[in-house]
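Student: Numbering (this note's numbering), first residue to last: 4 to 127.
By construction, the Cβ of each residue, glycine as well, lies at the ideal position given by its N, Cα and C atoms.
Submitted below is the structure of interest, expressed as C-alpha cells.
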Amino acid sequence: MKNWTQLIPAQIRNALYIGFGVLSLAQSSILAYSAAVQTPAPVWAVGGGAVLGVIGAAFGFVAAGNTNVSKPLALDPSDALAVEFPEPPALPAKTLAQAREAKRAYPVSEPHAPTEADLERYEK
C-alpha cells in the first residue's frame with residue numbers, strides 16, 4: 004500500500020498549497036484591515052479563518068510526511084561564520100577633516116545642572 008501522502012500527485016499538492024497560501028493571505032488581510040479601520044470583521048472571514056486553520060494543520064502533516072528525514076544533514080564546516088572581522092578601511096583625510104569641521108560647527112551643550120526641586124534625588 005502507498006503512503007497516504009503519496010496518494011495526492013505532486014502537481015495537485017502544489018496547486019493546493021498555493022491556493023491555501025492565497026486564501027490565508029486574503030483572509031488575514033481582510034481581518035487586519037477590519038481591525039485597522041476599527042470596523043467589525045465580516046462573519047465569513049472569521050469563520051473562514053477557523054476552516055483555514057484546520058486545513059492548514061492537514062497540509063502541514065502532508066508536507067511533513069513528504070520530507071525525507073532518512074539522510075542525515077551534512078553540514079559543510081567551510082560555511083561557518085567568520086569569528087574575526089576584517090579591519091574597516093581607513094577614512095580619507097578629506098572625510099576626517101569634514102567630520103572635525105562639522106563637530107566644531109554644532110557644539111554639544113554642557114550637561115544640565117540637577118533640578119533644585121528634588122535635591123535629595125540628585126545628590127545620591
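Can the beta-carbon of A128 be found less than 8 Å from the beta-carbon of I33?
Tutor: The question about residue 128 has no answer, for the chain in this structure spans 4 to 127.
Student: Pop quiz: R16 and V65 are said to be a contact at Cβ under 8 Å. What is the actual Cβ separation, rounded to whole angstroms?
Tutor: If you number the sequence shown from 1, residue 16 lands on position 13. If you number the sequence shown from 1, residue 65 lands on position 62. With 8 Å as the limit, R16 and V65 qualify as a contact, their Cβ atoms being about 7 Å apart.
Student: Can you tell me whether DSSP reads V25 as helix, strand or coil?
Tutor: The residue labelled residue 25 in the question sits at position 22 within the sequence shown. Of the three classes helix, strand and coil, the one that applies to V25 here is helix, per DSSP.
Student: Please state the DSSP three-state secondary structure of A105.
Tutor: As a first step, residue 105 must be located in the sequence shown, where it is residue number 102. Three-state result, A105: helix.
Student: Which whole-angstrom value describes the C-beta separation of G59 and F23, a residue pair presumed to lie in contact below a C-beta threshold of 8 Å?
Tutor: For the purposes of this step, residue 59 is taken as residue 56 along the sequence shown, with counting starting at 1. For the purposes of this step, residue 23 is taken as residue 20 along the sequence shown, with counting starting at 1. Contact holds; Cβ gap of about 7 Å.
Student: In chain order, what residues of the same chain have a beta carbon less than 8 Å from the beta carbon of I11, not counting five sequence neighbours either side?
Tutor: Walking along the sequence shown from the start, residue 11 turns up at place 8. Excluding residues within five positions, the ones whose Cβ falls inside 8 Å are L19, V65.
Student: Are the CB atoms of L55 and L28 nearer to each other than 8 Å?
Tutor: Locating residue 55 in the sequence shown gives position 52, counting from the first residue. Locating residue 28 in the sequence shown gives position 25, counting from the first residue. No; because the gap between Cβ atoms is not below 8 Å, this pair is not in contact.
Student: L94 by DSSP, collapsed to three states: which one?
Tutor: Counting from 1 along the sequence shown, the entry for residue 94 is found at position 91. L94: coil per DSSP, three-state reduction.
Student: Name the two residues that bound the continuous alpha helix (DSSP H) containing A53.
Tutor: Numbered from its first residue, the sequence shown carries residue 53 at position 50. Segment 46-68, the alpha helix (DSSP H) holding A53.
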